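*Asks:* Before I ask anything, let me first share the structure, which is written out below as structure tokens.
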Amino acid sequence: MDTTNATNYTTDQGMCFGKVLLLGEIFSKSSHNTAKFIFAMVKWYDYCEQDDNEDSEIYGCPRLTLLKEYDVVPLESIEQAVHIIPRFHKTNQFLMNRNIF
């Protein structure tokens, strides 16, 4: 995530949540060696702002919103897959299912 926005981003024990949009790899060949960069383009989720009507978590699952920001990150920096559930009756709101991991 962009370092200018990282201070405004709420993490879950240091973990950031994102939606992988693209996987790719770039090769760089020279006469001496070959370098390979494997990457993922990620669009970020953040926690929803606290609402008077709803808690920050529903059934132990945090409420998330999909941000407009996206970044290219090394594939090795992705820790694990998580289950993101859309809230169809809400605009741009999701739940992260902690119960299956």
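With the numbering used here, the residue at position 68 of the sequence shown is 1536, and numbering never jumps. For glycine and all other residues, C-beta sits at the position ideal for the given N, C-alpha and C. Everything numeric in this text was worked out from a predicted model, so none of it was measured.
1. Out of Ile1553, Tyr1515, Lys1511 and Ala1503, point me to the one whose CA is closest to Asn1567's CA.
2. CB-CB under 8 angstroms to Ser1496, same chain, minus the five flanking residues each way: which ones, in chain order?
3. Within a Cβ cutoff of 6 angstroms, which residues of the same chain sit near His1551, ignoring the five residues on either side of it in sequence?
4. Select from Glu1544, Leu1563, Met1483 and Glu1525 the residue whose C-alpha is nearest the C-alpha of Ala1508.
5. Just to check my reading of the structure: Tyr1515 and Leu1535 have Cβ atoms closer than 8 angstroms, yes? What is that Cβ distance to the nearest angstrom?
6. Are Leu1489 and Val1510 closer than 8 angstroms when you measure CB to CB?
7. So which of Pro1530, Gly1486 and Gly1482 has the shortest CA-CA distance to Ala1549?
8. Excluding five sequence neighbours on each side, which residues of the same chain lie with their C-beta closer than 8 angstroms to the C-beta of Glu1493?
*Replies:* Reading it off the structure:
1. As a working note, residue 1567 is residue 99 in the sequence shown. The candidate whose alpha carbon is nearest that of Asn1567 is Ile1553.
2. Residue numbering aside, residue 1496 sits at position 28 when the sequence shown is read from its first letter. Answer for Ser1496: Thr1502, Ala1503, Lys1504 and Phe1505, listed in chain order.
3. The count along the sequence shown starts at 1 and reaches residue 1551 at position 83. The beta carbon of His1551 sits closer than 6 angstroms to those of Asn1565 and Ile1568, all from its chain and outside the five residues before and after it, given in chain order.
4. Reading the sequence shown from its first residue, position 40 is the one you call residue 1508. Per the C-alpha coordinates, the member of Glu1544, Leu1563, Met1483 and Glu1525 positioned closest to Ala1508 is Glu1544.
5. Against the sequence shown, residue 1515 aligns to sequence position 47. Against the sequence shown, residue 1535 aligns to sequence position 67. Here Tyr1515 is actually not in contact with Leu1535; their C-beta atoms are around 11 angstroms apart, not less than 8 angstroms.
6. Within the sequence shown, numbered from 1, the residue matching residue 1489 stands at position 21. Within the sequence shown, numbered from 1, the residue matching residue 1510 stands at position 42. For Leu1489 and Val1510, yes; Cβs fall inside 8 angstroms.
7. The residue labelled residue 1549 in the question sits at position 81 within the sequence shown. The candidate whose alpha carbon is nearest that of Ala1549 is Gly1486.
8. Translated into the one-based positions of the sequence shown, residue 1493 becomes position 25. Answer for Glu1493: Lys1504, Phe1505, Ile1506 and Phe1507, listed in chain order.
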